[in-house]
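What follows is a short report on a single structure.
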Amino acid sequence: MVSLFMASTNKIINRLADSSIRADRRRNVFIMTTIALASCLIMVLALLVYGGTYQINQFYRGRFQAVVSIAEPEQIAALTEDENIERAGLTLAMRFKSLQTGKERLNVTYYDETAFRMSSFELIQGRLPEAETEIAIPSSYLEKKGIEAVLGQTISLDLGQNVPSVYTVCGLIRDEGADNTYEVLVSQALLKSYFSGVKIPYAVMIRMAGSEDMEADELKQDILVCMGKYGFDEADIRFSSSYFITYENVSTDRATTLGIGILIMIACSVVIYSLFYISVTGKVKEYGRLRVVGITQKQMKRLLQKESRKMSLFSIPLGIVCGCIIGYLLLPGGWYWSNTVKFAVLTAFVMVITVRLSIHRPVRIAMSVSPVEAARITTVDAVKPDDTKKLTKRLTPRSLAKINFFRNRKRTVLTLFSLGFTGILLMCAAAVMQSVNPEAMAHRNLKEREFIVYLSPEEDMLTSWVSIYDRLQQNNPLSQDFIVKLTEEVQLRDLESVQSCQANLFFPGNDDVDYDNTWEIVGLSREYLESHQDALLSGTLDYDELVENQGIIIDDDGDMLKTHEHYEAIVGDSVQIENDEGKKVSFQVMATAHWEDRLYGGCFIFVPEDLLPAIKAGTTNFSSLLAFNSDLEDISQADDIIYEICGENPDLEVGSIVEASAAYEHDLKEYMKRIYAIVAFIGIFALINLSNTLMTGFVARQQELGMLRSIGLSNKQLAEMLRLEAFHYVLVTMVITLTVGTAAGYLFCRIFNRVGVFGEMQYTFPLLPILAFFAALAVIALGYSVLAVRYCEKRTLSEYVKEMA
1 MVSLFMASTN
11 KIINRLADSS
21 IRADRRRNVF
31 IMTTIALASC
41 LIMVLALLVY
51 GGTYQINQFY
61 RGRFQAVVSI
71 AEPEQIAALT
81 EDENIERAGL
91 TLAMRFKSLQ
101 TGKERLNVTY
111 YDETAFRMSS
121 FELIQGRLPE
131 AETEIAIPSS
141 YLEKKGIEAV
151 LGQTISLDLG
161 QNVPSVYTVC
171 GLIRDEGADN
181 TYEVLVSQAL
191 LKSYFSGVKI
201 PYAVMIRMAG
211 SEDMEADELK
221 QDILVCMGKY
231 GFDEADIRFS
241 SSYFITYENV
251 STDRATTLGI
261 GILIMIACSV
271 VIYSLFYISV
281 TGKVKEYGRL
291 RVVGITQKQM
301 KRLLQKESRK
311 MSLFSIPLGI
321 VCGCIIGYLL
331 LPGGWYWSNT
341 VKFAVLTAFV
351 MVITVRLSIH
361 RPVRIAMSVS
371 PVEAARITTV
381 DAVKPDDTKK
391 LTKRLTPRSL
401 AKINFFRNRK
411 RTVLTLFSLG
421 FTGILLMCAA
431 AVMQSVNPEA
441 MAHRNLKERE
451 FIVYLSPEED
461 MLTSWVSIYD
471 RLQQNNPLSQ
481 DFIVKLTEEV
491 QLRDLESVQS
501 CQANLFFPGN
511 DDVDYDNTWE
521 IVGLSREYLE
531 SHQDALLSGT
541 LDYDELVENQ
551 GIIIDDDGDM
561 LKTHEHYEAI
571 VGDSVQIEND
581 EGKKVSFQVM
591 ATAHWEDRLY
601 GGCFIFVPED
611 LLPAIKAGTT
621 NFSSLLAFNS
631 DLEDISQADD
641 IIYEICGENP
651 DLEVGSIVEA
661 SAAYEHDLKE
671 YMKRIYAIVA
681 FIGIFALINL
691 SNTLMTGFVA
701 RQQELGMLRS
711 IGLSNKQLAE
721 MLRLEAFHYV
731 LVTMVITLTV
741 GTAAGYLFCR
751 IFNRVGVFGE
761 MQYTFPLLPI
771 LAFFAALAVI
781 ALGYSVLAVR
791 YCEKRTLSEY
801 VKEMA
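Now the structure itself:
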């Protein structure tokens with residue numbers, strides 16, 4: 001026999017660790033599965049989020065970051081030669097035309113080759129337009145209209161006077177048409193014909209050199225400084241909202257990933273700790289025998305650490321490899337070797353630390369075992385003398401199951417904690433997801449109605465937006481006859497109308513700007529102001545006083561004026577409004593308010609409705625938006641009728657509950673997939689912990705079960721006892737989930753409802769997800785009892801007696 005004091009310590013520790021791993025394969029399978037799952041999930045999350053970031057970076061690599069209005073196309077040459085600018089492409093300062101064709105809208109514009117490469121579109125076939133009668137158009141639009149999507153196809157478009165009406169398709173664009181909106185490109189030759197004798201309102205799309213690693217604010221400042229050298233000020237520059245918002249969302253996603261990763265590590269730590277704790281308490285006698293033959297506390301610590309390290313060396317790489325495979329399959333476009341290697345190393349490091357922290361307490365328990373204690377220690381918590389109220393107890397399968405459930409309270413608490421945590425997390429996630437109503441979210445964006453119809457005139461680059469809008473309102477299609485027709489066709493009800501106009505405003509400090517500064521000015525009725533006095537922040541909402549002093553009300557709760565106009569509303573300030581004769585009329589800021597009415601969402605400047613004619617004397621009908629519901633039973637039928645009615649007028653646009661709900665429902669399903677996937681992974685940890693607790697306890701009680709069978713415990717009673725013991729965990733988990741989980745889920749719904757992220761939410765109990773969770777618990781409990789009974793039936797009574805001896 002080799003002595004620990006005579007042989008190489010490292011070799012002995014290695015042999016003991018190997019022997020322990022081989023001797024307790026079932027426990028080790030649980031531990032390694034848990035570590036591998038955690039490693040896999042962290043790797044998948046990292047690859048998905050940062051792979052998504054990489055994919056976005058690749059997509060936006062070379063994309064434009066700002067648009068600068070220029071007077072002459074030749075100015076682009078100087079910008080192209082600037083070493084601080086990576087790319088500069090020629091486009092228009094605004095859309096050339098916007099055409100409504102049924103439910104679809106065509107935005108017509110121009111890009112040169114460089115600008116097109118900097119946009120979000122790509123050519124499937126063909127080239128960009130060169131001749132006056134050529135266009136590039138999305139193939140998806142042609143297919144939707146039943147037109148064959150091929151080069152050379154002809155299509156009719158009304159783009160105005162002095163230009164052709166029939167065009168030849170020279171290029172097919174990849175554009176899926178978000179919100180039924182499609183981009184159509186025309187040639188520079190057509191622009192010259194249309195703007196004959198007039199300067200074409202060109203703009204330059206730019207991308208700064210070396211901007212990949214810049215923060216959003218730093219990049220914006222860099223653009224402003226660079227453009228300032230050429231005489232452009234901030235008013236000439238429009239930043240790409242899609243570019244900068246995307247990068248802000250990336251930062252949020254990273255923070256979310258970090259939080260979810262920490263959650264996974266906590267769940268993994270709990271399971272690993274529980275497994276090692278159960279294992280250590282079950283092998284105390286073995287450790288005591290090692291102490292008898294001379295192993296030290298330090299060597300005992302090294303032994304357990306060696307066990308965990310050997311298992312980690314197999315399971316962590318396995319989990320990382322699986323995570324890489326899953327991450328690639330889910331997001332092949334986000335695969336990047338540099339990121340993958342970096343996250344593999346980081347995941348391995350995090351998991352090693354997690355495992356070390358998880359076994360810290362069990363290692364201390366094993367180190368504290370003395371030879372004397374090993375002879376008497378059991379896996380049952382010590383019972384205080386005054387805890388036993390009865391000297392005798394009636395033994396039944398039910399009472400035995402209860403005793404076994406409470407005999408090791410730490411182990412039971414750990415298992416119930418992981419199961420309860422999963423139940424609470426599932427209840428919160430499922431309650432929020434099932435309480436979100438896509439239709440309610442759509443209602444929020446449709447002014448709390450089923451439909452909105454609003455003025456959306458075709459843009460004309462030769463005419464200012466205010467003039468176009470004024471001309472449309474002077475022959476307003478949202479007339480009483482139009483309302484009567486809607487009432488007859490779709491049984492219109494709950495009609496709300498927004499009365500407003502468009503005008504150029506000049507706030508204090510920018511009275512002398514020479515560019516259009518257009519805002520919507522909304523007229524409020526006397527009844528509305530009298531019933532919304534609680535919205536007042538400062539000043540007065542007295543209707544007569546506002547009319548007498550030409551007062552305006554400003555709602556800048558979202559800081560839009562502060563951000564875009566660098567103006568903070570103060571009662572008493574004078575604001576200039578340009579009327580329809582081009583004269584500036586002074587209005588006084590007499591109130592600041594915050595309306596919580598969805599009808600006026602996105603509006604910031606308000607006046608009494610009697611003051612609207614003072615701004616637009618030539619307008620008699622100021623209706624700009626109608627929001628209403630339909631009494632038709634088939635909402636889709638109402639949707640088709642409204643589009644048919646409004647399709648007759650290209651200056652009207654429709655918002656529909658049918659389309660909006662479908663879009664929100666699609667997005668919601670994508671969120672649900674992600675959230676349930678995370679809950680499922682954490683739930684797997686909990687179920688592994690439950691399985692381990694039940695099986696470890698069963699193995700540790702073999703002698704006890706043998707004794708019970710020797711005194712007459714039947715297989716039927718044994719099966720009942722084991723089943724009841726397992727269902728104790730199920731029942732307690734159900735209680736935790738249905739009480740704490742329900743309360744937490746309801747609280748989360750209230751919070752989200754108050755914030756208004758998902759619109760109005762009505763708490764819905766997530767019956768199906770919870771039933772699925774409880775069913776999984778029941779399957780494990782039943783499976784455990786069946787397997788345990790079969791195992792016991794295979795063993796003879798003499799084998800139990802032999803073990804007891």
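Quick note on numbering: my numbering labels position 803 of the sequence shown as 803, and the sequence is numbered without any gaps. Glycine included, each C-beta is placed from N, C-alpha and C at the ideal position.
What residue range does the beta strand (DSSP E) around residue i cover?
i, result
"Glu-86", "85-92"
"Thr-739", "From DSSP, Thr-739 is part of no beta strand (DSSP E); its letter is neither H nor E."
"Met-208", "202-208"
"Lys-298", "Unbroken run through Lys-298 is the alpha helix (DSSP H), 297-330; no beta strand (DSSP E)."
"Ala-591", "584-593"
"Tyr-454", "451-455"
"Val-198", "Element bounds for Val-198: n/a, residue is neither H nor E."
"Lys-220", "From DSSP, Lys-220 is part of no beta strand (DSSP E) but of the alpha helix (DSSP H) over 216-228."
Output the boundary residues of the alpha helix (DSSP H) element that contains residue i.
i, result
"Ala-775", "767-794"
"Asp-470", "465-474"
"Asn-504", "Counting along the chain, Asn-504 falls outside any alpha helix (DSSP H), though it belongs to the beta strand (DSSP E) covering 492-506."
"Leu-529", "526-531"
"Asp-613", "According to the sequence displayed, residue 613 carries Pro and not Asp. Taken as a continuous stretch (DSSP letters only), the alpha helix (DSSP H) holding Pro-613 covers 612-615."
"Ile-70", "First-last for Ile-70: undefined, no H or E at that position."
"Tyr-141", "139-144"
"Lys-562", "560-564"
"Phe-96", "It is not in any alpha helix (DSSP H) - Phe-96 carries neither H nor E in the DSSP assignment."
Pick helix, strand or coil for residue i, following the three-state DSSP scheme.
i, result
"Gly-697", "helix"
"Phe-239", "strand"
"Leu-106", "strand"
"Thr-379", "In this prediction, Thr-379 has a pLDDT of 47, which is less than 50 and means its spatial position is unreliable; nothing more can be read from the coordinates."
"Thr-540", "coil"
"Gln-434", "helix"
"Phe-343", "helix"
"Ala-149", "coil"
"Phe-852", "Since the displayed the chain opens at 1 and closes at 805, residue 852 lies outside it and no answer follows."
"Thr-412", "helix"
"Thr-619", "coil"
"Gly-171", "strand"
"Trp-519", "strand"
"Thr-396", "coil"
"Tyr-182", "strand"
"Glu-596", "coil"
"Glu-489", "helix"
"Gly-126", "strand"
"Thr-53", "helix"
"Leu-426", "helix"
"Thr-764", "coil"
Using a C-beta cutoff of 8 angstroms, does residue i count as contacting chain D?
i, result
"Leu-687", "No chain D appears in the structure shown, which is made up of a single protein chain."
For residue i, count neighbouring Cβ atoms within 10 angstroms of its own Cβ and tell me buried if that reaches 16, exposed if not.
i, result
"Met-560", "exposed"
"Val-436", "buried"
"Phe-349", "exposed"
"Arg-127", "exposed"
"Trp-519", "buried"
"Phe-406", "exposed"
"Arg-493", "exposed"
"Asn-504", "buried"
"Ile-42", "buried"
"Tyr-167", "buried"
Self-check item: Any 3 or more C-beta pairs closer than 8 angstroms across the stretch 464-475 and the stretch 412-419
Solution: Taking 8 angstroms as the limit for Cβ pairs, the verdict is that the stretch 412-419 does not touch the stretch 464-475.
Quiz item: Is the number of C-beta pairs between the stretch 620-639 and the stretch 554-569 that are closer than 8 angstroms three or more?
Solution: Here the stretch 620-639 does not lie against the stretch 554-569, with fewer than 3 beta-carbon pairs under 8 angstroms apart.
Exercise. Evaluate the contact criterion for the stretch 96-105 versus the stretch 133-140: three or more CB pairs, one atom per stretch, below 8 angstroms.
Key: The stretch 96-105 vs the stretch 133-140: no contact.
Quiz item: Quick check: the stretch 640-656 against the stretch 495-504, are there 3 or more CB pairs under 8 angstroms?
Solution: By the criterion of at least three beta-carbon pairs nearer than 8 angstroms, the stretch 640-656 is not in contact with the stretch 495-504.
Quiz item: Are the stretch 47-56 and the stretch 328-335 touching by the rule of at least three beta carbon pairs closer than 8 angstroms?
Solution: Yes, since at least three Cβ pairs between the stretch 47-56 and the stretch 328-335 fall closer than 8 angstroms, the two stretches touch.
Quiz item: Do the stretch 669-687 and the stretch 472-492 make contact, defined as three or more Cβ pairs closer than 8 angstroms?
Solution: Not touching, per the Cβ criterion.
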